[in-house]
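Visitor:
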Amino acid sequence: MHRVIYRIRQSPPPTRTIGAASRTSFNWAHDRSYAIISFDLLPSTPGTNLFSTRPLNLALSPSASSKGRYQYSTNAQQALNIPAIPIPQQQQQHLSSSSNSSIPSTPILVSSSKLASSPSPQKLPRKKTVYDWTPELDAMIVAMNQTYSIDWRTIGKLLDRPYTTCYSRYINTIKPILEKGGTLEEIRDREKLERLVEEGLNLIRERKEASAAALAAAAEAVGTSVSKKIRSVGSGTGARAGAGLSAAVSSDDEEELGANTSKRPKWDATIDQTIKDMVAAGNSWPEIGRAVGRPFSSCYSRYHANLDPALGTTWSPESIQRLKDLALQGVSWKKIAQELKIKSLICKAKWADIGRSELATAAGYDNDSRFTSDQDGQLKHSTPGAALDPNGRKSSTSSRTKIVVFSMDESALILELAERYGTENWDKILQDFQQHFLDDITSLPTTTKPSKGKGKKSPRDRILSITIPHLRKQYLRVSRNKSFWTFDQETALIQQVLKYGINNNSNSSDNIDDHWAEIARQTGPHSPEECRTHWKNLDMPVMPNLNAWTKTEQGTFWSAWRQFGSDFKRISKFCSNRTAEDCQRYFEGITKGFPSPDLEPDAFAERIAELQENLPYTRQKYLFTKERSQRLQRTMRICHQRFGASPTMHAGTWQWIANKVHRGLSPTSCIEHWNYLRQNLDVIHGPLEENQTTPIKPAAPYSWSHEESKLLDQGIRELGASWSDIQHRFLPWRTTRSIRQRWFIMSDKATKVTEDEYYTILAAGPTADSIDYEQLTQHHLPGWNLSPCRRVFETSFKHIVKNTIWQPDEDRLLLKRTIEERGRDWNAIAKSFKGTQPAMAPLYDQAMQREKEENGGKESSEPVRTQKTAWQCRLRWCQLVEPLMPKGPIVNVTEHGRSNILRISKKLLQTPSSPSTPSE
1 MHRVIYRIRQ
11 SPPPTRTIGA
21 ASRTSFNWAH
31 DRSYAIISFD
41 LLPSTPGTNL
51 FSTRPLNLAL
61 SPSASSKGRY
71 QYSTNAQQAL
81 NIPAIPIPQQ
91 QQQHLSSSSN
101 SSIPSTPILV
111 SSSKLASSPS
121 PQKLPRKKTV
131 YDWTPELDAM
141 IVAMNQTYSI
151 DWRTIGKLLD
161 RPYTTCYSRY
171 INTIKPILEK
181 GGTLEEIRDR
191 EKLERLVEEG
201 LNLIRERKEA
211 SAAALAAAAE
221 AVGTSVSKKI
231 RSVGSGTGAR
241 AGAGLSAAVS
251 SDDEEELGAN
261 TSKRPKWDAT
271 IDQTIKDMVA
281 AGNSWPEIGR
291 AVGRPFSSCY
301 SRYHANLDPA
311 LGTTWSPESI
321 QRLKDLALQG
331 VSWKKIAQEL
341 KIKSLICKAK
351 WADIGRSELA
361 TAAGYDNDSR
371 FTSDQDGQLK
381 HSTPGAALDP
391 NGRKSSTSSR
401 TKIVVFSMDE
411 SALILELAER
421 YGTENWDKIL
431 QDFQQHFLDD
441 ITSLPTTTKP
451 SKGKGKKSPR
461 DRILSITIPH
471 LRKQYLRVSR
481 NKSFWTFDQE
491 TALIQQVLKY
501 GINNNSNSSD
511 NIDDHWAEIA
521 RQTGPHSPEE
531 CRTHWKNLDM
541 PVMPNLNAWT
551 KTEQGTFWSA
561 WRQFGSDFKR
571 ISKFCSNRTA
581 EDCQRYFEGI
591 TKGFPSPDLE
601 PDAFAERIAE
611 LQENLPYTRQ
621 KYLFTKERSQ
631 RLQRTMRICH
641 QRFGASPTMH
651 AGTWQWIANK
661 VHRGLSPTSC
671 IEHWNYLRQN
681 LDVIHGPLEE
691 NQTTPIKPAA
701 PYSWSHEESK
711 LLDQGIRELG
721 ASWSDIQHRF
731 LPWRTTRSIR
741 QRWFIMSDKA
751 TKVTEDEYYT
761 ILAAGPTADS
771 IDYEQLTQHH
781 LPGWNLSPCR
791 RVFETSFKHI
801 VKNTIWQPDE
811 DRLLLKRTIE
821 ERGRDWNAIA
831 KSFKGTQPAM
841 APLYDQAMQR
851 EKEENGGKES
861 SEPVRTQKTA
871 WQCRLRWCQL
881 VEPLMPKGPI
891 VNVTEHGRSN
901 ILRISKKLLQ
911 TPSSPSTPSE
């Protein structure tokens, strides 16, 4: 018996002789799931035959194979033992009778052999080619790229493999070793390196010469502007290219080009015509780019944005209006292009033309005239463009208006001044605008980032540098954005909602949905639907993205993307909390603005490699999401109902629970998360949301009160799942662990309340105690529990306005602090009110009860003072100030030496009133 032993390893020699085996080849599949060995085995002892003399392919794979290929599942480091198999007597006589006779194509294997397998029509999966890398080859590509400056495309051609493979090898394997201080092996075959370098330099030289020749040939058609580009390119192509290019540029061209040849020539009619002719002739974009001396991506953009003959017939009045509507709504250009069935590049160019024409109309000149007369009748240059010399001709040095970044306060003031004086009296608007911010320059917000160097301006100089064209352009930009609300418009909206939404008259309806038309008429240019949406965002804002991608998830995504490409369905299996659609949206969002992978694959690959380097893959323990935690709680309640109060939880039961929660989840993770939830919490019998009834009872000292749950809902809505921020702003007496623990067992409906759900809850009743929450959840809000509905109502303006107690001195303090802050920072205003935290009301009641007992049953005369939130302060302030009428004049109140736009009722500042709620 003969035995062939071949130890599998990752880098075997291409040819090796083991006993009677020769001509051995070894290849790993690209995913390392199996390997294929091809070798010849010849009989070395009479009467035995290992296999036929025909080469055998042995595939190490868990799947079946056919046509002389056999599989054996094994580890890559395990030895493979192939036993010798005796030849049957008939076969032995056949071999001895004729050595040249045909040998069976199928090896003779006994049924008990480990290599025996039934033939199957299924072939081995077709895999991508895998290239072997040796330490010496790694050193060669580094030397060619770093020492001899050979580009990756040329290196790939020299090594007969894709250049992206060479570049990925350098980025993912070689570069990390060098950054950690490692070294590469010394190159022993110096002759091979010199030969590769020589071939690479010749390829680069030939490519540059071909490019220079194409540029020189195009110079005659394009003119001197391209000749200038030829000179700049020819200077770096070597002696031969420079000699050929010098003849392409005549002395007349040199005089016309002048000394400055480093700048890129502008687009002119000759270049445009060349691009159109070459496109009509069917030339590729790289050829067009070489012909005109421009990047082919720029030529592509130039043609589709300005030169395409279909541009003149593409746009109809309806499509232009639809483009305006979609662009003003903030829809992405990709979706706009899909709806209009026009390329996104053409849509962008058309939108830019629309903006320029509207800016020209607002600035006071038409498309044919770039100048207008001022009030004195003198001609002035009112827009960016060419200036005039003393002779009335265009100057050779054109000046552009510098860009100014306006803050929200400045934009709001521009709108208000334009509404007061109209869009014709810009001189008066500029005067009031500058005077408003120059009265107290120290109170100005920082609106622009400070510039580096000598060009840094002070806030005063910045305000004085703003001109009428700046104000016109900003006014047009902001007025087109219908989602922009000024401070006065928001104040008027709040006052009108308080007027119609809180009605003490039982004969009239306090359903706010019945009055949006009247509210919109009183608040200005916004429609009823816009008022309805904006009010919901003011009263109960919801963070748009509660499930942002963490760095760990991003690292996992790019690690999977490196292996599977854009197969988002397979990538989502590695990102446990994400679907294929989530992965695709993340990829499209993160690569938005990257170079096109079709037009500029090298630049796109570099950006992706940079992302992968900044977001490495890191392993971490499985983290439960909100949905899976609730699924675990429901599954545990099912076990509680089936097996009683103390179910026996053996390994099989936990495995069943883990499969119910999420396929592939380990039982240990479920046990750890369940123990985490059970600490001081009753999750077996259901959380507070499912069994709570009204009225709300005081909470136990170590449990969560109803007020604390409201604060947690508000924190999730405004800040997302940022537990440290929620603790700092809303629940400083709770730990982040307890906040996250509470979040897992409470319903998240109140944190994701939609606009329709919000108004449905508001319309259910005037007060929190008068609402039938059971009927509301059964008939109007399926899937909701009782407590989340109550928390949403008690967080709304209806409950806040009627139940917040304001003392007279607090009203006066509110008006004073609002004047000082000029109505900008309501959080700073709210910090001025000291008192008891409403969420700690049970402890406060206990303290007041003890004080009452100590005083012999007498109640304390000190009024209850509670802390105020920013929204409570703003609602109260809107009740104290005089009602705002649409487009009314702005009354400046000058207290403490500063002007502001707040319309204050001075009577409230002087006349004290009794403690009351705003509804009184």
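Going by the UniProt record's numbering, the sequence shown runs without a break in its numbering and finishes at 920. For each residue, glycine too, the CB sits at the ideal point set by N, CA and C.
1) Let me know if W561 comes out buried or exposed under the rule of 16 or more other beta-carbons within 10 Å of its beta-carbon.
2) Would you mind working out which of H779, L711 and F730 sits nearest E794, comparing C-alpha positions?
3) Identify, in the order they occur along the chain, each residue of the same chain with its Cβ nearer than 6 angstroms to the Cβ of F406, setting aside the five sequence neighbours on each side.
4) How is the alpha helix (DSSP H) around G182 delimited, first residue to last?
5) Could you give the first and the last residue of the continuous alpha helix (DSSP H) run that contains T270?
6) Output needed for R532: all residues of its chain with C-beta closer than 8 angstroms, excluding positions within five of it in sequence on either side, in chain order.
7) Are at least three pairs of beta-carbons, each pair with one atom in the stretch 799 to 813 and one in the stretch 868 to 881, less than 8 angstroms apart?
8) Quick check: what's the CA-CA separation for K276 versus S168?
9) Reducing DSSP to helix, strand and coil, say where C575 ends up.
10) Could you give the residue range of the alpha helix (DSSP H) that holds K536?
11) Taking the runs of the alpha helix (DSSP H) that are 4 residues or longer, which of them lie wholly in the stretch 126 to 197?
12) Does the stretch 594 to 607 come within contact of the stretch 711 to 724, defined as at least 3 CB pairs closer than 8 angstroms?
13) Is V478 helix, strand or coil by DSSP?
14) Kindly indicate the opening and closing residues of the alpha helix (DSSP H) around V497.
15) Start and end of the alpha helix (DSSP H) containing A520?
16) Among H779, Q778, T556 and M746, which has the Cα closest to the Cα of R791?
17) Considering only the beta carbon of each residue, do W426 and I468 sit closer than 7 angstroms?
18) Within 10 angstroms of the Cβ of N145, are there 16 or more other Cβ atoms? Answer buried if so, exposed if not.
19) Closest to V753 by C-alpha separation, out of F564, W674, K536 and E774, would be which residue?
20) Whose C-alpha, out of L307, Q273, W267 and T653, is nearest the C-alpha of R294?
21) Exposed or buried, G282, counting other C-beta atoms within 10 Å across all chains shown (16 or more means buried)?
22) Quick one: give me the first and last residue of the alpha helix (DSSP H) that M408 is part of.
23) Give the single residue among R717, R634, A412 and L158 whose Cα lies nearest to the Cα of M543.
24) Residue range of the alpha helix (DSSP H) that W549 falls in?
25) Determine the DSSP secondary structure at P595, reduced to helix, strand or coil.
26) I need the DSSP call for A764, collapsed to helix, strand or coil.
27) Between which two residues does the alpha helix (DSSP H) holding E794 run?
28) Identify, in the order they occur along the chain, each residue of the same chain with its Cβ nearer than 6 angstroms to the Cβ of I171, setting aside the five sequence neighbours on each side.
29) Spatial neighbours of S479 within its chain, please: C-beta separation below 6 angstroms, excluding the five flanking residues on both sides.
30) Starting from W333 and walking both ways along the alpha helix (DSSP H), at which residues does that stretch end?
31) I believe L326 touches I336 by the beta-carbon criterion, under 8 angstroms. Please report the beta-carbon distance rounded to the nearest angstrom.
32) Tell me the rounded alpha-carbon separation between W558 and G565.
33) Would you check whether the ligand COA has a heavy atom nearer than 6 angstroms to the C-beta of C670?
34) Short of 6 angstroms in beta carbon distance, which residues of its chain neighbour T736, apart from the five on each side in sequence? Order them along the chain.
Guide: Looking at the coordinates:
1) In this structure W561 is buried. Its beta-carbon is surrounded by 16 or more other beta-carbon atoms within 10 angstroms.
2) For E794, the closest of H779, L711 and F730 by C-alpha to C-alpha distance is L711.
3) Cβ within range, chain order: Q474.
4) From DSSP, G182 is part of no alpha helix (DSSP H); its letter is neither H nor E.
5) Note, T270: alpha helix (DSSP H), A269 to A280.
6) These residues qualify, in order along the chain: D513, W516, E755 and Y759.
7) With the cut-off at 8 angstroms, the stretch 799 to 813 and the stretch 868 to 881 touch.
8) In this structure, the straight-line span from the alpha carbon of K276 to that of S168 is close to 38 angstroms.
9) Note: C575 maps to coil in three-state DSSP.
10) Residues P528 to D539.
11) Runs found: 135 to 142, 152 to 159, 163 to 169 and 175 to 179.
12) With fewer than three CB-CB distances shorter than 8 angstroms, the stretch 594 to 607 does not count as touching the stretch 711 to 724.
13) In this structure, V478 counts as helix in the three-state DSSP scheme.
14) Per DSSP, the unbroken alpha helix (DSSP H) holding V497 starts and ends at F487 to G501.
15) Start and end: W516 to T523.
16) Nearest option by C-alpha distance: M746.
17) Cβ distance < 7 angstroms, so W426 and I468 count as in contact.
18) So N145 ends up on the buried side.
19) Answer by Cα proximity: K536.
20) With respect to the C-alpha of R294, the residue from L307, Q273, W267 and T653 having the closest C-alpha is W267.
21) Flag for G282 reads exposed.
22) For M408, the uninterrupted alpha helix (DSSP H) run begins and ends at M408 to Y421, by DSSP.
23) Measuring from the Cα of M543, the nearest candidate turns out to be R717.
24) Neither: W549 is in no alpha helix (DSSP H) and is coded neither H nor E.
25) Three-state result, P595: coil.
26) If DSSP states are grouped into helix, strand and coil, A764 belongs with coil.
27) Here the alpha helix (DSSP H) through E794 covers L786 to T795.
28) Here the set comprises A609.
29) Excluding its 5 nearest sequence neighbours in each direction, S479 has no C-beta neighbour in its own chain below 6 angstroms.
30) Here the alpha helix (DSSP H) through W333 covers W333 to L340.
31) Contact flag correct, Cβ pair sits at about 5 angstroms.
32) Taking the Cα positions, W558 is about 9 angstroms away from G565.
33) This structure lacks the ligand COA, and indeed carries no ligand of any kind.
34) Counting only Cβ-Cβ distances below 6 angstroms, and skipping sequence neighbours, we find W723, S724 and Q727.
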